[in-house]
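Heads up: the sequence lines are chains A and B, in that order.
Sequential numbering of the first sequence, starting at 1, is according to the UniProt record's numbering.
Sequential numbering of the second sequence, starting at 1, is according to the UniProt record's numbering.
Structure first, then comments.
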Amino acid sequence: MARTQAHWWFVGPALFLMVVILLMPIGIAGLLSFTEYSLGNPDAHWVGLDNYSKILTRSTYEKMFGATFRYVFVVVPLSVGLGLGAALLIHSTRRFSDLYKTIYFLPVMAALIAMAIVWEFALHPTIGIVNRTLEQGCGTFLETWGWYAEGCANGFPTWLTDRHYAIWTVAFIGVWQGFGFNMVLYLAGLTSVPRELYHAAEMDGARSAWDRFRLVTWPMLGPTTVFVVTISFIRSFQVFDTVEAFYPQGGGPSKSVYVMMFAIYEKAIQQNLMGIGAAITVVFLAFVMLLTVIQRWLVERRVHYA
Amino acid sequence: MSAIHLDSIRKSFGETPVLKNIDLSIRAGEFLTLVGPSGCGKSTLLRILAGLEAPSAGSVSIGDRVVNGVRPANRNLAMVFQSYALYPHLSIEDNMMTPLRLRDLSTAGRLPWIGPLLAREKYREMRRQVEETARVLRIEPLLQRKPGQLSGGQRQRAALGRAMVRKPVAFLMDEPLSNLDAALRIHMRSELAELHRSLKTTFVYVTHDQAEALTMSDRMAVMMDGDILQLGAPDEIYNNPQDIRVAEFVGAPKINLLPGVIDSAGQARCGDVVLSRVGVGAASEKVTIGLRPEHLELAGGDEKGSLTGRLVHRENLGADLYLHLSVQDGAHRMVVRTAPHEIGRVSIGDDVRFVRKRGEAMVFGADGKRIRLSETPAAAVPEVA
C-alpha cells in the first residue's frame, strides 16, 4: 500500500476545529488563571498560584463552594429520585400516561428566566401565593408544628431573600425544573427492560414490588442511572440562570447563593478580573472532568453486563 | 409430586378467542409436550398454568388445590424461558441462588452483607444445593461467570439450573431449545429427556417443533386454533392421528394427502386405485387419503394398484432418500421414502411407479376427522392392493 498524505485531509478539518474551539480556549483559560490579566490590560503579570490560593482561602470562595455543593447535593438526589419515581408510576399505568409525561416535562421545556419571574411572584414575602396560602392554615391543627406556629406569629420566611432559606429555595426550583428531564430518560430506560425478566422473577418467588425492583428494575436501569446522575451533576454545577434572574447583584442574601457559574460571570465579566475568573473556570472544569471519569469507569466496570 | 388439572380453560384477548375450552390432565411425573404451530395458544396455556396469565374461564389445579387465585410465586412451579431470562447482572451462582434466596430466607437474611452473617447456616445449605445442581448439569466451572460471558447452550443449562435448584412441583418450559443451533438442539433433546428420567418430576414442555415433541415426551398434546386436537403418546399421535390437521402437522416430511371417494363397496379410492378399505361409511363421500412417505415403496413392475409419478426432486439424507413425485399430471405432489441403494439410476423427470404397503393408509372425512377402518375385510373384494 502506498503511503499517501490523504489521511490528513480526512482528519484535518475535525482536528483543526477541535484544537481551535475546544483545546485552545481551555489551554488559554489555564494560562490566564496564573495571571492577573483583565480585558484591555496589555501587560498582565504572572502571579503563579496566587489566584488558586485566593480561591482556597478567601471567605467569598468558601461561600461559593458552600452554595454550589449545597445546591448540587440537594438537586442531584432529589431530581434523580423523583425522576425515577415518576417514571415508574407513569410506566405502570396506561391511562393518561401521555398527559402525565407532558405535564412533568413542561418545566424542562419552559424558559427558566421566564419561570424565575413567575417563582419570584409566587414566593413574594407578602403578596406571593405561597405565603398567602400558608397564612390560610394559621389557627388550624397545622400550628401544632412548631415551625408553622412560628411562621404564624412572626411571619413566614421571605424565601428568596432570607439567607437561611435562599439556597434551598433555589435548589427546590432546580429540582422542579430538572426532574422531568430525568423522568424522560428513565422512561426510555424502562421500555428496554425485557418483560420476561419480570416473569422469571415472579416464578422465582419475588412476591413484593420491592423484590422485583431490586432484582430486575434497578440493575437493568444501571446504565441509565449512571448517565442520569452524571448529567444531573453537570447540569447542577452549571446552574446560573435562576441565580442571575433572582439576584442580578451579588449572589443572594449574604452570598448564600453564590454558585460557581455565577462567580465566574461576576469576576470575569462584571468585574473584569479575568485571572481569577479563569482560575474558577479551571476548578469547575476539574470537577466536571472528575465526574466524567467516574462515569466512564462505572459504565465500563459495573453496569454493562454483556 | 402432584398431578395438574386444567378444567375448561378459556382465554380471549379482547374479542379474539385464543383458547377454547381446554381440558387437560397432566399426570404426576410425566413429560407432556404441548405442540402446535405458532399462534395456536400453547404458550398462553403454559402461562395460564404458571399463573403469569389469568384464564377468562375455567380452573387450574395442582394436586387437589385450585390455584386460580394463587400468584405464580406461590405455585411452586419453575419455568425455563425461550430467552432464558437470566439476570444479566448476577453471576450464574447468584442466578441459581435467587429462587432459594427469595423463598427460604427471611427479610433480614436477604439484606446485603449482613444477611449472610445472620443466616450463615442457611447460606451454606443454599450454596450446597447450587453446587449439587451445577454438578448434575456440569456447569460448575461457569458458576462465577455472568450470563453475558456464556454461549447459548451454557446459558440454557444455567436457566435449567435456576429452575431445578429448588425442587419444584413441575417444570414449565417455553420453547427452551429454539435459540440453539441445530446440532446442539438435537443433543439437548436427549439430555432433557435423560434429565426428566433422573429427576422424575413433571415436565410441561411447549414447542412448535414436532420432532422435539415426538422424541422427548411421554405424551403430547397437539394444539391448533386454541383447541387440543389430540392427546396421546407420540407413537399413537404419529401412527393413528384422529384429525387431518394432526396428521399433517406431525411427521417430517409431511404426510401425503390425496383426494378420493368411498365407493359402494366401502373402499376408499383415488381415481382407479383402491387405497384402503373403510367400514360402513357412506358411499361416494368425498374423503382425503393420507399416506406417510414410509408407507409407500417403489413398485417392481406393473403391480396392481400402483401409482405413477414424475420425479421432480430427490432429497438425500444419507440413510434415507426422499423422492418428490408429481402425480396426476402435477395436481398433487407425493413424497416416497426409499433407501439410496433401492433407487438405482432414476433421474429428475423420469416416471416412477410406487405402491402403498399393506394396511397403512389413513382416511379422513370431509370434516377432517378420521374414518375408522373396518375390522373385518369385506370378502367380496379379495385382492385389494
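In this text, a Cβ means the ideal position worked out from N, Cα and C, and glycines have one as well.
Contact annotation: VAL346 of chain B and SER326 of chain B have beta-carbon atoms that are not nearer than 7 Å. Residue environment for PRO248 of chain A: exposed (fewer than 16 other C-beta atoms within 10 angstroms of its C-beta). Collapsing the DSSP output to three states places GLU297 of chain B in a strand.
In chain order, GLY260, VAL261, ASP263 and LEU275 place their CB closer than 7 Å to the CB of ARG269 of chain B, counting only its own chain and leaving out the 5 sequence neighbours on each side. In the DSSP secondary-structure assignment, GLN230 of chain B is bridged to B:VAL222. The beta-carbon separation of SER38 of chain A and MET274 of chain A, rounded to 5 Å, stays under the 8 Å limit for a contact.
Between PRO147 of chain B and LEU86 of chain B the beta-carbon gap is near 4 Å, inside 8 Å, which marks them as a contact.
The beta carbon of ALA339 of chain B lies closer than 8 Å to those of ALA319, ASP320 and LEU321 in the same chain, with the five residues before and after it left out.
Comparing C-alpha distances from ARG65 of chain B to each of B:LEU77, B:ILE4 and B:PRO293 shows the shortest one belongs to B:ILE4.
Three or more beta-carbon pairs separated by less than 8 Å link the stretch 4 to 21 of chain B to the stretch 41 to 52 of chain B, which places the two stretches in contact. Straight-line measurement puts the Cα of LEU298 of chain A at about 33 Å from the Cα of ALA111 of chain A.
Residue state for HIS7 of chain A is assigned as helix, using DSSP reduced to three classes. Annotation for GLU93 of chain B: the continuous alpha helix (DSSP H) segment containing it runs 92 to 104. For ILE269 of chain A, no beta strand (DSSP E) segment is defined, and its DSSP state is neither H nor E.
Close to chain B, meaning a Cβ-Cβ distance shorter than 8 Å, are the following residues of the stretch 206 to 238 of chain A: ALA206, ARG207, ASP211, LEU215, VAL216, PRO219, MET220 and GLY222. C-alpha of ALA54 of chain B to C-alpha of ARG10 of chain B: approximately 10 Å in a straight line.
In the three-state scheme derived from DSSP, where H, G and I count as helix and E and B as strand, TRP113 of chain B is classed as coil. Chain order gives the chain B residues near LEU197 of chain A as ALA85 and TYR87, where near means a beta carbon separation below 8 Å. ASP241 of chain A and ASN272 of chain A have their alpha carbons spaced roughly 20 Å apart. Looking only at B:SER2, B:ILE22 and B:ALA361, the smallest Cα-Cα distance to VAL222 of chain B is reached by B:ILE22. C-alpha of LEU195 of chain B to C-alpha of ALA163 of chain B: approximately 13 Å in a straight line.
In the structure shown, ILE343 of chain B adopts helical secondary structure according to DSSP, grouped into three states. Bounds of the beta strand (DSSP E) holding CYS270 of chain B are 267 to 270. A direct Cα-to-Cα measurement between ASP98 of chain A and SER8 of chain B gives close to 39 Å. The beta carbon of THR107 of chain B sits no closer than 7 Å to any beta carbon of chain A.
Here the alpha carbon of VAL130 of chain B sits roughly 17 Å from the alpha carbon of MET79 of chain B.
Counting the other CB atoms within 10 Å of its CB gives ARG292 of chain B a total of 16 or more, which places it among the buried residues. GLY205 of chain A and PRO99 of chain B do touch by the CB rule: their CB atoms are close to 6 Å apart, below 8 Å. The beta-bridge partner set that DSSP reports for TYR322 of chain B consists of B:GLU315 and B:ARG337. The Cβ of GLU202 of chain A sits closer than 7 Å to at least one Cβ of chain B. Counted as a single uninterrupted DSSP element, the stretch harbouring SER8 of chain B is not any alpha helix (DSSP H) but the beta strand (DSSP E) occupying residues 4 to 13.
Within the same chain, and ignoring the five residues on either side of VAL273 of chain B in sequence, the residues whose Cβ sits closer than 8 Å to its Cβ are GLY305, SER306, LEU307 and ALA385. For VAL206 of chain B, the beta-bridge partners assigned by DSSP are B:LEU34 and B:ASP174. Under DSSP, GLY309 of chain B takes part in a beta bridge, and its partners are B:VAL327 and B:VAL352. In this structure, DSSP gives ASP50 of chain A a helical state, which the three-state scheme calls helix. Closest option to GLU315 of chain B, judged by alpha-carbon separation, among B:HIS295, B:ILE343 and B:GLY226: B:ILE343.
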